Structure formats: C-alpha cells, structure tokens
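K.L.:
Counting from 4, one number per residue, gives the positions in the sequence shown under the numbering used here.
All C-beta atoms, glycine included, are put in the ideal place defined by N, C-alpha and C.
Small disclaimer: the values here were computed from a predicted structure and weren't measured.
Dropping a structure here in structure tokens format, bear with me for questions.
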Amino acid sequence: MKDLIRTFIAVDFDNPTIVSRVQEVQGELIRLGVKMKPVEPQNLHITLWFFGELNVERLNLVLRSAEEVRFHPFRLEVKGVGYFPGGSRINVVWLGVNDPENGLKSILDQLIGRLSKLGFKYDERGFTPHLTIGRVKFIRDKQTVLRKLSELKDLYFGEQLIDSFKVKKSTLTSRGPIYSDLLVVKAEEGS
4 MKDLIRTFIA VDFDNPTIVS RVQEVQGELI RLGVKMKPVE PQNLHITLWF
54 FGELNVERLN LVLRSAEEVR FHPFRLEVKG VGYFPGGSRI NVVWLGVNDP
104 ENGLKSILDQ LIGRLSKLGF KYDERGFTPH LTIGRVKFIR DKQTVLRKLS
154 ELKDLYFGEQ LIDSFKVKKS TLTSRGPIYS DLLVVKAEEG S
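Next up, the structure:
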C-alpha cells in the first residue's frame, strides 16, 4: 500500500489577543460542564480546503497549484461564538470570521480554479469561514450552555493579519492531531 498523507489548506491564527480570548471561552465552557476537546492554541486555523488522504502524486498537484496562488496581506475579523450543527445540537464550537477584503475568497477561488481542472472536487456545501475552538463530546446542562453561547454570539475577539496560507499534513494521534507545514505560500509585498 502506498503512503497516504492527510492533507488540508489553511490559514493560521496567532494573534495573542485572539488566542487568549479563545482560551477564556474554552475554559468558560468547560467550567459549565462541557466535555470537549479544545483546539490547542498552536493549532488555531481556518481550513480552506480539506482533501483527506492523498497519495504523493495528488499531493504534488496540490502543492504546485498552491504555489501559483497570488495574494496580498489582508485582515480577518473574528467575532461571535457559534456551533454546529445548530438548533439544540452542539458538536463543534466555532468563532465567526469576517473577510471584509475578500482575501480568503480570492485565495480559495484561485485554488478551486486550478485544482478543479486537475480533478479535485470542492465541498459542495461551500465555504463559511470559521475558526473551530472545540469538539464537544458531552454536555451536562445543555440549556445553560445554549444560554451562554447565545450571550457570546456577538463577542469581538480581534483582527488577524493573514500574510500566508499553508498546505498542511495532519497526523492523527490519541492525544489529538499533529499538524505540520508541507508548504507555506507567502503574500506578495505591497497592497
């Protein structure tokens, strides 16, 4: 069997203010009785495209296509706490992300344009930028947690400068995923 590499494209978040506020919200939810796997600070990112497991040949197509993407640095606003799938079911807790300069959209449009010609299919559900902060396993008092999430729906976390995107490898372990960068694509200088 050939080696397969679990691959995705993402932008990382490292703004200390955002990271600190994420940890505060994670802690608050855990104190309310949410049993969840919080996303580690060094793993905070927005997934632009999850490919699943790729063989080396397909991975090289992704890497070459990603290298061709051109973009300038841009800012993302992080505001509001939400959850998937919605209603009274809480499986994933996330932060809303606003892309006022359409920087993410530009990167993604270029990737889709290049990779669709090579046989890659983008998720038909489309793209809604969000920053996952935890995967929920169990909630002791769902109504209390739903009220708290409602209180946090407009909470402002800050802005993140995006000056690169990355093709990443995800290695699943019993302690959670380990991400490593396969390629870093930097923004062009100037605006």
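What does the alpha-carbon distance come out to for the pair Met4 and Phe54?
P.N.:
Below a pLDDT of 50, predicted positions are generally treated as unreliable, and Met4, at 48, falls in that range; no measurement from the model is reported.
K.L.:
Report buried or exposed for Pro132, applying the criterion of at least 16 other Cβ atoms within 10 angstroms of its Cβ.
P.N.:
In summary, Pro132 is buried, with 16 or more beta-carbon neighbours lying within 10 Å of its beta-carbon over all protein chains present.
K.L.:
With a Cβ-Cβ cutoff of 8 angstroms, do Gly99 and Gly90 count as a contact?
P.N.:
no
K.L.:
Less than 6 angstroms between C-beta atoms, sequence neighbours within five positions excluded: which residues of the same chain meet that for Leu118?
P.N.:
Ser68
K.L.:
Does chain B have any CB closer than 8 angstroms to the CB of Leu66?
P.N.:
Looking for chain B here will not work: only one protein chain is present.
K.L.:
In the DSSP assignment, what residue or residues form a beta bridge with Leu32?
P.N.:
Answer is none; Leu32 lacks a bridge partner.
K.L.:
Can you tell which of Lys169, Asp15, Ser23 and Val28 has the C-alpha that lies nearest to the C-alpha of Lys156?
P.N.:
Val28
K.L.:
Rounding to the nearest angstrom, what Cα-Cα distance links Arg92 and Val148 in this structure?
P.N.:
11 angstroms
K.L.:
Taking the Cβ atom as the reference point for each residue, do Leu47 and Phe74 lie within a distance shorter than 8 angstroms?
P.N.:
The Cβ atoms of Leu47 and Phe74 do not sit closer than 8 angstroms to each other.
K.L.:
Under 8 angstroms between the Cβ atoms of Phe77 and Glu104?
P.N.:
yes
K.L.:
Between the Cα of Val188 and the Cα atoms of Val96, Leu152, Lys151 and Lys171, which residue gives the shortest distance?
P.N.:
Lys171
K.L.:
Per DSSP, Pro88 forms a beta bridge with which residues?
P.N.:
According to DSSP, Pro88 bridges with Ile93.
K.L.:
Return the CA-CA distance between Glu127 and Gly36, expressed in angstroms with no decimal places.
P.N.:
35 angstroms
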